[in-house]
Every structure is written in C-alpha cells, then in structure tokens.
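First comes the structure, then the notes that go with it.
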Amino acid sequence: MTTSREWEFAGTRGAITARIWAAGDPRYAAVLVHGYGEHLGRYGHVADVLVRHGAVVCGPDHMGHGRSAGDRVLIEDYEDVVADLHTVVEAARGDHPGLPVVMIGHSMGGLLAARYAQAHGGVLAALVLSGPVLGRWHVVEELLPLDDMPDEPIDTSTLSRDPAVGKAYTEDPLIWHGPFRKPTIEALDTVLRRINEHGSLGALPTFYVHGEADELVRPEDTRTGIEAVRGEDFTERLYPGARHEVFNETNRDEVLADVTAFIDRVLR
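According to my numbering, the sequence shown holds residues 18 to 285 in order.
The following block contains the structure:
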C-alpha cells in the first residue's frame with residue numbers, strides 16, 4: 018500500500034494536520050474529505066487505488082478531528098472548515114501546477130465538498146459525493162431541540178456489511194466515540210440551509226454514490242439536497258444493500274472502480 022506523509026499548517030482555529038499519498042508522475046490531484054468524528058487515516062486504501070490510477074492524493078483531518086488541534090468534534094462554523102480545505106487544495110495546486118483537481122467527500126465530508134464546490138468550484142475539475150449529508154439530516158433534526166446531547170455510541174453495523182469495518186472503527190483511538198456537541202449541530206443546521214439556498218453546482222462534473230441501505234445518512238433525505246445542488250453534468254449510482262461507508266463496503270472494489278471510471282471520463 019502507498020505510504021503517506023503528514024504536514025501541518027495553521028488553520029482557521031488551530032493547527033491542522035494533512036496527509037499526502039504520492040508515487041510517480043501524477044496526472045491529477047485528488048483531495049479526500051473525511052466525515053464526522055473520523056479522520057483521513059481511514060482512507061489509506063482509497064488513496065492507494067487513486068495513486069495507482071495516477072493521482073497525488075491529499076486531505077486534512079478537520080479541526081477537532083484526528084490529529085488536528087481543537088476541542089473534539091467541535092465545529093462552530095463550517096465555513097472555517099471549508100477555508101482549511103481550501104488551504105490544502107491551494108497547496109496541492111502549488112506543488113503540482115496545471116494538474117486537474119478532483120474532490121472526493123464522504124458523509125459530512127460530502128457536505129463540505131459540496132459547499133467547497135459552491136464557493137470555489139472554479140478550481141475543481143470534478144466532484145465525488147459519497148453518502149453526503151445534504152438537504153436534511155435526521156440526526157440534526159432530532160438533536161437540534163435538545164439542550165443536552167445524548168451519549169449514545171454509533172451502531173457500527175450501520176457502517177458496512179463487513180464486520181471488520183465496525184470492529185476497526187470501535188478500536189480506533191483517533192475516532193470520536195462520544196456525543197455530538199450542540200454548537201456543531203447548530204452549525205450543521207446552518208450550513209445545510211446555506212447549501213440548499215446557494216443552489217446548483219453548474220457545469221462541474223459531479224458523481225453521487227450512496228448505499229441504498231444507509232441508515233445513518235438516509236438516501237431519501239440526501240435526495241432533497243441533491244436536487245438543490247445538481248448541475249448540468251451529474252451522474253449517480255445507488256448500491257443495493259450497501260450501508261453508509263460505500264468505500265468500506267463488501268463491494269468497495271466496484272465502488273472505487275466506478276469512481277475512477279468517472280474521473281477518467283472527466284479527464285478525457
């Protein structure tokens with residue numbers, strides 16, 4: 018598997034740790050955007066596929082996540098996270114001038130990637146959204162009225178049909194296993210509304226993938242957001258039986274092959 022190196026920069030609210038996977042002479046840059054509570058280190062196998070496909074791969078641990086600074090999973094304004102993401106994109110463009118940039122966001126990372134595309138779409142060649150939190154999210158709707166956030170651990174069986182994925186998730190010390198923070202829920206509500214209001218991604222080629230059996234981010238909820246942002250070049254694929262983390266599902270090879278085929282089509 019391709020090895021990664023880490024680098025650190027001053028983010029909007031503290032030090033941000035980012036990763037880079039590279040080998041040979043890349044033909045595009047892929048920016049990975051991870052989901053809530055997790056970190057980019059879980060995406061090594063995705064990066065490996067992309068590097069073998071011709072990418073230099075990079076991405077940050079968001080503020081309050083993984084190896085980055087900040088109170089755990091505390092995000093008061095998602096525009097700050099988008100700004101940190103832009104720093105990573107600009108670093109990649111500076112290191113590899115002229116390479117097309119593909120952004121790939123999962124779950125909350127799909128929300129961030131969509132918002133990034135709305136704000137900075139001109140720097141992207143393509144966008145991939147995996148089980149994105151868009152439109153509405155039942156978790157936000159359930160927690161927003163509450164003063165105290167319930168401390169209920171995630172049911173890891175909802176991540177993937179592969180039980181090893183849930184086991185690794187539970188044992189990962191860099192993953193947040195505690196409750197949501199109320200300011201984070203409020204910020205999620207704000208950014209979901211902002212994305213819906215901002216609207217279409219225009220001509221940006223976009224590939225949306227989702228597990229049909231996803232109980233964490235329900236496809237029917239995401240659909241409302243997809244219809245709000247979809248642009249002129251939009252492709253989607255829903256996988257029967259697949260749960261939330263399609264890049265970690267039992268058919269992960271199929272999913273990643275679909276992603277690289279989409280990238281090939283765009284780069285041609």
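Where is the CB? At the ideal position from N, CA and C, for every residue including glycine.
- Sequence-distant partners of asparagine 265 (beyond 5 residues in either direction) whose C-beta falls short of 7 Å from its own C-beta, in its chain, are Leu176, Ser177, Asp179 and Val182.
- Where tyrosine 186 is concerned, the enclosing alpha helix (DSSP H) starts and stops at 180-188.
- Glutamate 107 carries a helical assignment under DSSP once its states are collapsed to helix, strand and coil.
- A straight line joining the alpha-carbon of alanine 230 with that of glycine 258 spans about 5 Å.
- Excluding residues up to 5 positions away in sequence, Gly148, Pro236 and Leu255 lie with their Cβ nearer than 6 Å to the Cβ of histidine 227 in the same chain.
- By the Cβ test, the segment 80-96 is not in contact with the segment 62-70, since fewer than three Cβ pairs between them sit closer than 8 Å.
- For the 8 Å CB-CB criterion, tyrosine 133 and methionine 120 form a contact.
- Two segments are said to touch when three or more pairs of C-beta atoms, one from each, lie closer than 8 Å; by this definition the segment 101-115 does not touch the segment 237-248.
- Among the bridge pairs identified by DSSP, leucine 144 is matched with Met120 and Thr223.
- For leucine 163, the number of other beta carbons within 10 angstroms of its own is below 16, and it is reported as exposed.
- By the Cβ-count criterion, tryptophan 154 is buried, with 16 or more other Cβ atoms from all chains shown falling within 10 Å of its own Cβ.
- When the beta-carbon positions are compared, alanine 39 and tryptophan 24 stay at least 8 Å from each other.
- Arginine 269 carries a helical assignment under DSSP once its states are collapsed to helix, strand and coil.
- Of Ile280, Pro117 and Arg44, the smallest CA-CA separation from threonine 223 is found for Ile280.
- For proline 167, no alpha helix (DSSP H) run applies, since DSSP gives it neither H nor E.
- According to the DSSP secondary-structure assignment, threonine 252 is paired through a beta bridge with Phe224.
- By the Cβ-count criterion, alanine 47 is buried, with 16 or more other Cβ atoms from all chains shown falling within 10 Å of its own Cβ.
- In the three-state DSSP reduction, serine 85 falls in the coil class, being neither helix nor strand.
- In terms of CA proximity to methionine 166, Val90 leads the group Thr252, Val90, Asp42 and Ala136.
- Between the C-alpha atoms of glycine 31 and arginine 198 there is a straight-line separation of about 18 Å.
- According to DSSP, tyrosine 45 shares a beta bridge with Ala72.
- Taken atom to atom, the span from the alpha-carbon of threonine 267 to that of arginine 59 is near 16 Å.
- Annotated as distal: leucine 151 and alanine 136, with beta-carbon spacing of 8 Å or more.
- Between the alpha carbons of alanine 142 and leucine 221 lies a distance of about 7 Å.
- Of Gly28, Leu284 and Gly61, the smallest CA-CA separation from alanine 100 is found for Gly28.
- Glycine 28 sits in a strand when the DSSP states are folded into three classes.
- Less than 8 Å separates the beta-carbon of glycine 138 from that of glycine 219.
- Looking at the DSSP output, arginine 240 sits in no beta bridge, so it has no partner there.
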